[in-house]
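Enquirer: Supplied in structure tokens, the structure appears directly below.
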Amino acid sequence: MKHKVLLFNPRSANSKHRIPNSILQVAASIHDSFEYVLIDGNLESDPWNTIQGYLQDSSFRYIGFTVMPGPQLRQAIPFAQKLKEQFPHIIQIWGGYFASNQYLAVMQSGWVDFVVDGPGDRAFPSLLHALELKTPFEFIPNLIWKTPEGDVIKNSKEALLDQDTLPELPYDTLNQFYPLDKYLNPTFLGKKTLAYHSSMGCPFKCSFCAVVPIYEARWKGKSAEKIFQDIMYVRDKWGADSIEFHDNNFFVSEKRTTALARLMLGKNMNWWGEARIDTVDQYTDASLALMREAGCKMIFFGAETGNDELLKQMDKGGKQTGAQILAFAKRMKKFDIIPEYSFVLGLPADNEQAVWQQIKSDIQFIKRIKEVNPDTEIILYVYSPVPTEGSDLYTQIQKAGFRFPQHLFEWLSPQWEQFDQRKNPLTPWLTPAMVQYIQDFETVIHARYPTISDTKLSSLQRRVMPTISQWRYSTNFFHRPYELKLLQKFWLRYRQPEWEGM
Ligand code: B12
Ligand code: SF4
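Using my numbering, the first residue of the sequence shown is number 160, and each one after it goes up by one.
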């Protein structure tokens, strides 16, 4: 008899839990060949207890963790350590963005036995079969493993699979472990928002992005028909009324987007996804109008910066410029689709003065965007490097003295937690005063323009905050906005998209 598998989604957020698509898709890959259980740290008060409970049954032999940076990593590390100490016969397999990008620290921890680097749809079942049959690991694509001598081996990567041929997502099985309804939460899109992931990778190679080292500019998406079929299944069975598309770059193909939009017409479901400005700016007016009619309410765009030199350095690989970012915000207003622009502040520069200059000019640029389209939502991140080997930006940050932790447990320190959340990275070129300046601006702009994605804000709060913050915003006096912070703490408890984001 084959051994059983645990699939674990460590806690990733405090509320508004989304369908754990990573372990759901991995579960699909073994659905017909192995017995498995799903454990969602988000919906368990004591997930360790649940894991331990399952492990009393000696037929469990494998545990798969999905790990992204931030809170998930913080739960995953102590669990991996405890598992090795208390259940040494259990084979630990990590996947997900952190595991793939920081695989050396993961493999050298001594707790994790294998890493699946990128898609696990074929790698995971192949690995389990190899372990059951005691056959070699060399030929399993996307697998990182260790020889008996302790050398870490990275196998070759396989081409992205035709996403329509992947096995069905086992929503019904997930529902047996956790009522699916618990994952359909209210958002600004609707009362029961479904999180759906329709494509793997991204065709671009931005030098700051965690997707690049894993997917190397490859992208494959499910067809519009397949996406529609899945959405309708969850809508009809559990009442989903809106969708967040969690793809890295949902709008790559205008043809696919418009085909889906045509299917969604009249379904009365709002939706949101992530895109590039230069891609969607090439969409025709007819496509944008159709998307809006079909429920596309807001799109997240990596605007990054208004500085053309920096955009080049970021290797956005397309035609994005500061002028285009501004013009596009205006264009979206015409179609009533809200552009949600994310900016990355605090990139390295030749000297301190130049870093300050970049930050301040981007802040002024953001204010200009608000002038041309006040509905534009602004998300601010502080630049946190990812190891995109070979990119100019990565070479530059290494020269500036930046190093990633070598040991998994170092990631548990509060400083690296801030880094993960892209709030206060440990980059040597950023001074605490710069980080403070960015954070102060963030407080002021979110008060001046409260986000529409916060469904809890009352209309009174939406009126009062802009009035109180107006003078700071218009005079550029962002320094220590204690009055706004106090209000946010005691009166608003508002949602900060940066912290609760993807
Ligand atoms: C949904 C999501 C979340 C959810 C959590 C979902 C959950 N699991 O509970 C929320 C919103 C809470 C979240 C939070 C954060 N997120 Co997030 N998130 C995502 C998002 C959009 C989708 C993940 C997903 O479901 N993918 C769908 C599955 C099918 O794809 P997949 O995970 O790649 O899985 C495949 C393979 O990777 C592999 N695999 C994955 N896991 C496993 C496990 C095993 C055992 C195996 C064998 C294989 C395997 O096989 C799968 C199938 O092929 C991704 C981007 C993306 N498109 O993936 C970002 C992403 C993972 N998040 C990211 C980040 C940084 C965060 C934050 C830490 C920071 C932030 N400010 O956004 C925050 C934390 C917030 C906080 N409060 O601190 C980054 C990670 C970047 C990096 N440096 O590694 C990503 C890549 C976004 C990005 N492009 O920057 N996130
Ligand atoms: S377009 Fe977005 S997802 Fe794609 S590489 Fe650039 S930042 Fe990453």
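Backbone N, C-alpha and C fix where the C-beta goes; we use that ideal spot for every residue, glycine too.
If you're wondering where the values come from, they're calculated on a predicted model, not measured in any experiment.
#1: With a CB to CB cut of under 7 Å and the five nearest residues on each side skipped, what residues in its chain are close to Tyr-213?
#2: So, does the region 393-409 touch the region 433-449, judging by three or more C-beta pairs under 8 Å?
#3: In whole angstroms, give me the CA-to-CA distance for Ile-222 and Asp-437.
#4: May I have the straight-line CA-CA distance separating Trp-658 from Asn-208, to the nearest angstrom?
#5: Three-state secondary structure (DSSP) at Ile-198?
#6: When the Cα of Glu-413 is compared with those of Lys-519, Asp-444, Cys-365, which residue comes out closest?
#7: Mapping DSSP to helix, strand and coil, what is Trp-658?
#8: Counting C-beta neighbours from all protein chains within 10 Å, is the total for Ala-667 16 or more, i.e. buried, or is it exposed?
#9: Regarding Ile-252 and the ligand B12, is the C-beta to nearest heavy atom distance less than 7 Å?
#10: For Glu-452 and Lys-351, what's the separation of their Cα atoms in angstroms?
#11: Considering only C-alpha positions, which residue in the set Arg-621, Asp-599, Phe-568 is nearest to Phe-238?
#12: Taking the continuous alpha helix (DSSP H) assigned at Gln-335, which residues delimit it?
#13: Is Gly-454 buried or exposed, if buried means 16 or more other CB atoms sit within 10 Å of its CB?
#14: Evaluate Ala-235 with the Cβ neighbour count: other Cβ atoms within 10 Å of its Cβ, from every protein chain shown; 16 or more gives buried, anything less gives exposed.
#15: Helix, strand or coil for Lys-648? Go by DSSP, reduced to three states.
#16: Out of curiosity, what's the CA-to-CA distance linking Leu-339 and Ala-258?
#17: In whole angstroms, what is the alpha-carbon distance linking Arg-170 and Ile-249?
#18: Could you pull out every residue in the same chain whose Cβ sits closer than 7 Å to the Cβ of Lys-161, ignoring the five residues on either side in sequence?
#19: Between Tyr-213 and the ligand B12, is the CB less than 7 Å from at least one heavy atom?
#20: Could you check which residue in Leu-643, Ile-518, Thr-535 has the C-alpha nearest to that of Ile-484?
#21: What do you reckon, are the CB atoms on Leu-600 and Phe-636 nearer than 8 Å?
#22: Taking the alpha-carbon positions, what's the Ile-496 to Gly-269 distance?
#23: Under 6 Å Cβ to Cβ from Ile-611, same chain only, skipping five residues before and after it: list those, please.
#24: What does DSSP give as the partner residues of Leu-506 in its beta bridges?
#25: Any chance you could list the alpha helix (DSSP H) runs of at least 4 consecutive residues sitting entirely within the region 185-246, in chain order?
#26: Check each candidate in Thr-586, Leu-552, Ala-448 and name the one with the smallest Cα separation from Glu-511.
#27: Which residue comes first and which comes last in the alpha helix (DSSP H) that contains Tyr-632?
#28: In its own chain, which residues sit with a C-beta less than 7 Å from the C-beta of Ser-315, not counting the 5 before and 5 after it?
#29: Looking at the ligand B12, does it come within less than 7 Å of Ala-399, judged from the CB to the closest heavy atom?
#30: Does Glu-375 come out as helix, strand or coil in the three-state DSSP assignment?
#31: Provide the residue span of the alpha helix (DSSP H) that contains Thr-417, from first to last.
#32: Under 7 Å Cβ to Cβ from Val-531, same chain only, skipping five residues before and after it: list those, please.
#33: Whole-angstrom Cβ separation of Leu-353 and Ala-399, contact assumed at under 8 Å?
#34: Is Pro-609 buried or exposed, if buried means 16 or more other CB atoms sit within 10 Å of its CB?
#35: Which value, in whole angstroms, describes the spacing of the CA atoms of Gly-360 and Ala-462?
Expert: Put simply:
#1: Here residue 213 is taken as the residue at index 54 of the sequence shown, counted from 1. Within the same chain, Tyr-213 has close Cβ partners Leu-165, Val-196, Phe-219.
#2: yes
#3: In the sequence shown, residue 222 corresponds to position 63, counting from 1. In the sequence shown, residue 437 corresponds to position 278, counting from 1. So the two alpha carbons sit approximately 41 Å from each other.
#4: To locate residue 658, count along the sequence shown from 1; it is residue 499. To locate residue 208, count along the sequence shown from 1; it is residue 49. Model confidence at Trp-658 stands at a pLDDT of 49, short of 50, so the residue's coordinates are unreliable and nothing is read from them.
#5: In the sequence shown, the residue the question calls residue 198 occupies position 39. In this structure, Ile-198 counts as strand in the three-state DSSP scheme.
#6: By 1-based counting over the sequence shown, the position of residue 413 is 254. That would be Asp-444, whose Cα lies nearest to the Cα of Glu-413.
#7: Counting from 1 along the sequence shown, the entry for residue 658 is found at position 499. Because the pLDDT at Trp-658 is just 49, under 50, the model does not fix this residue reliably, and the value given afterwards should be weighed accordingly. Note: Trp-658 maps to helix in three-state DSSP.
#8: Because the chain here runs from 160 to 661, residue 667 falls outside it and cannot be looked at.
#9: For the purposes of this step, residue 252 is identified with residue 93 of the sequence shown, where counting begins at 1. At least one heavy atom of the ligand B12 is nearer than 7 Å to the Cβ of Ile-252, so yes.
#10: Numbered from 1 along the sequence shown, position 293 holds the residue referred to as residue 452. Numbered from 1 along the sequence shown, position 192 holds the residue referred to as residue 351. Near 20 Å, if we compare the C-alpha coordinates of Lys-351 and Glu-452.
#11: Position 79 of the sequence shown holds residue 238. Selected option, being the one with the closest Cα: Phe-568.
#12: Mapped onto the sequence shown, residue 335 falls at position 176. Counting along the chain, the alpha helix (DSSP H) containing Gln-335 begins and ends at 330-336.
#13: By one-based count along the sequence shown, residue 454 stands at place 295. With 16 or more other Cβ atoms within 10 Å, it is buried.
#14: As a working note, residue 235 is residue 76 in the sequence shown. Buried, by the Cβ-count rule.
#15: One-based indexing of the sequence shown puts residue 648 at position 489. Helix.
#16: Your numbering for residue 339 matches position 180 in the sequence shown. Your numbering for residue 258 matches position 99 in the sequence shown. Approximately 27 Å, taken between the alpha carbons.
#17: Residue numbering aside, residue 170 sits at position 11 when the sequence shown is read from its first letter. Residue numbering aside, residue 249 sits at position 90 when the sequence shown is read from its first letter. Those two C-alpha atoms are separated by around 21 Å.
#18: Looking up residue 161 in the sequence shown gives position 2. If we look at Lys-161 and ignore the five residues flanking it on each side, its Cβ neighbours are Phe-193, Glu-291.
#19: Here the question's residue 213 lines up with position 54 in the sequence shown. Not under cutoff, so the answer is no.
#20: Translated into the one-based positions of the sequence shown, residue 484 becomes position 325. Per the Cα distances, Thr-535.
#21: For this step, residue 600 is matched to residue 441 along the sequence shown. For this step, residue 636 is matched to residue 477 along the sequence shown. For clarity, residue 600 is Phe in the given sequence; the question names Leu instead. No, these two residues do not count as a Cβ contact at 8 Å.
#22: The residue you call residue 496 lines up with position 337 of the sequence shown. The residue you call residue 269 lines up with position 110 of the sequence shown. Between Ile-496 and Gly-269, the C-alpha separation is close to 49 Å.
#23: Against the sequence shown, residue 611 aligns to sequence position 452. Cβ neighbours of Ile-611 beyond the five flanking positions: Phe-347.
#24: On the sequence shown, position 347 is the one that residue 506 refers to. BP columns for Leu-506 are empty, so no partner.
#25: 206-214, 230-245
#26: If you number the sequence shown from 1, residue 511 lands on position 352. Of the candidates Thr-586, Leu-552, Ala-448, the one whose C-alpha sits nearest the C-alpha of Glu-511 is Thr-586.
#27: What you label residue 632 is simply residue 473 of the sequence shown in a count that begins at 1. Looking at the DSSP string, the run of the alpha helix (DSSP H) that includes Tyr-632 is 618-634.
#28: For this step, residue 315 is matched to residue 156 along the sequence shown. Around Ser-315: Pro-300.
#29: As a first step, residue 399 must be located in the sequence shown, where it is residue number 240. Not under cutoff, so the answer is no.
#30: Stepping through the sequence shown from its first residue, residue 375 is reached at position 216. Note: Glu-375 maps to coil in three-state DSSP.
#31: Within the sequence shown, residue 417 is the residue found at index 258, counting from 1. Unbroken alpha helix (DSSP H) run through Thr-417: 413-423.
#32: On the sequence shown, position 372 is the one that residue 531 refers to. The answer, listed in chain order, is Leu-485, Ala-488, Lys-489.
#33: To locate residue 353, count along the sequence shown from 1; it is residue 194. To locate residue 399, count along the sequence shown from 1; it is residue 240. Contact flag correct, Cβ pair sits at about 4 Å.
#34: Indexing the sequence shown from 1 puts residue 609 at position 450. That one is buried.
#35: As a working note, residue 360 is residue 201 in the sequence shown. As a working note, residue 462 is residue 303 in the sequence shown. Approximately 19 Å between the Cα atoms of the pair.
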